[in-house]
């Protein structure tokens, strides 16, 4: 039987998106590509008795199949605390086995899959999903009238309509006992309030990051590791909050993606607070280029504010001389032909060559627009 809500084979997601039959809020949000779909099990025995089921947004859980065969993309009814819920199978077979091995759930607490959902149950679930936005706005209004400092970010109906889950964020602890009573009278159903963090809120709602792509937390990232400003310092990034914070208001998760590579590369560099002793005076490191293995230095107390670019091998040579108690030649003897000069007047950075002519001398200044002649 072909259901009108999901693509039964899940082989062409774009066709489902064009037809309007796909339930993804984002494009393939938190989906799993079943790489073992056409590969037989290594032991050639019974199929793996557990499947992964995805619900609204990023919520997923594991369920027992009770010996029945299911495929990815099939809408099924699953066991809930009271009643049943409806979800979509996102992983089966060996793929589900690998996912379960990574998450290591409690097998004794895993509920079971009842059966595939029929069209009547899917239609009822769609009606409940259509009401969720209005319910969320009404709940926000009620919370505001009660004077509660909280933000209700998402609402999720159980497929049988017996329970509504409200996801909210709050800075402090919220006493929502009166809110639950009002919501239960308003919507005539069981109410569950679930507090989530700001990162979990961004993962559920989705969105676009500053890179132009969908948020990592709403597409593929499954764990939220702590991110500190030390990660930005290792990568030589400016500590600008507007650049380092994501949609959730916290530090971007992507600051940790290349952190280990930077730490490994910086092991070959001298400490950040090191000083080079030269015949002209002491020089401190100002800027580091990890990829090109270059370090910019400036003399302490020098009024010209000139930065000298040295290679890592040159820095190590100067530090070797300093360790022997000798001072090296001035940095002008080591630095490349191109130096970075900071004008003391306005603090604007510009490149100059040894002749003193700025490289920007070939840039044409912007001309004011010409006035049109009146006819």
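Residue numbers (the numbering used here): 33 to 407. Built from N, CA and C at the ideal position, the CB exists for glycine as well.
- Counting other Cβ atoms within 10 Å of its Cβ, residue 304 stays below 16 and is therefore classed as exposed.
- Bridge pairing for residue 186: 199 [DSSP].
- Looking from the CA of residue 318, the closest CA among 310, 311, 234, 327 belongs to 327.
- Bridge pairing for residue 350: absent [DSSP].
- Within the region 96-165, the runs of beta strand (DSSP E) that reach at least 3 residues and sit entirely inside it are, in chain order, 107-111, 116-123, 143-148.
- Where residue 236 is concerned, the enclosing alpha helix (DSSP H) starts and stops at 230-237.
- Judged by DSSP secondary structure, residue 210 falls outside any beta strand (DSSP E) and instead within the alpha helix (DSSP H) spanning 209-219.
- About 26 Å separates the beta carbon of residue 117 from that of residue 202, a gap too long to meet the 8 Å contact definition.
- Residue pairing from DSSP places residue 321 in a beta bridge opposite 326.
- Under the 8 Å Cβ criterion, the region 339-355 does not count as touching the region 288-295, having fewer than three qualifying pairs.
- Between the alpha carbons of residue 154 and residue 112 lies a distance of about 17 Å.
- Here the alpha carbons of residue 87 and residue 67 stand approximately 21 Å from one another.
- Straight across, the Cα-Cα distance linking residue 93 with residue 110 is about 10 Å.
- In the structure shown, residue 93 falls within a strand segment according to DSSP collapsed to helix, strand and coil.
- Apart from sequence neighbours up to five positions away, no residue of its chain approaches residue 159 with a beta-carbon distance below 8 Å.
- Taking C-alpha positions only, residue 182 is separated from residue 277 by approximately 22 Å.
- One Cα belongs to residue 134, the other to residue 275, and the distance between them is close to 33 Å.
- Rounded to whole angstroms, residue 137 and residue 228 show a C-alpha spacing of 21 Å.
- In this structure, DSSP gives residue 268 a state outside helix and strand, which the three-state scheme calls coil.
- In the displayed model, residue 315 falls within a strand according to three-state DSSP.
- For residue 298, the enclosing alpha helix (DSSP H) begins and ends at 291-298.
- Of 79, 142, 171, the smallest CA-CA separation from residue 217 is found for 171.
- With contacts defined by Cβ atoms closer than 9 Å, residue 233 and residue 199 form a contacting pair.
- Residue environment for residue 333: exposed (fewer than 16 other C-beta atoms within 10 angstroms of its C-beta).
- For residue 115, same chain residues with a beta-carbon under 6 Å away, outside a window of 5 residues either side, are 192, 194 in chain order.
- DSSP lists 92, 120 as the bridge partner or partners of residue 86.
- The criterion of a C-beta distance shorter than 9 Å is not satisfied by residue 226 and residue 261.
- Inter-residue distance for residue 180 and residue 205 is about 10 Å (C-alpha atoms, whole angstroms).
- Taking 9 Å as the cut-off, the Cβ atoms of residue 259 and residue 237 do not count as close.
- Under the three-state reduction of DSSP, residue 338 is assigned to strand.
- It is roughly 29 Å from the alpha-carbon of residue 281 to the alpha-carbon of residue 162.
- If you compare the alpha carbons of 189, 213, 104 with that of residue 174, the shortest gap goes to 213.
- Under DSSP, residue 181 forms no beta bridge with any residue.
- Ranked by how close their Cα comes to the Cα of residue 357, the residues 364, 349, 363 have 349 in first place.
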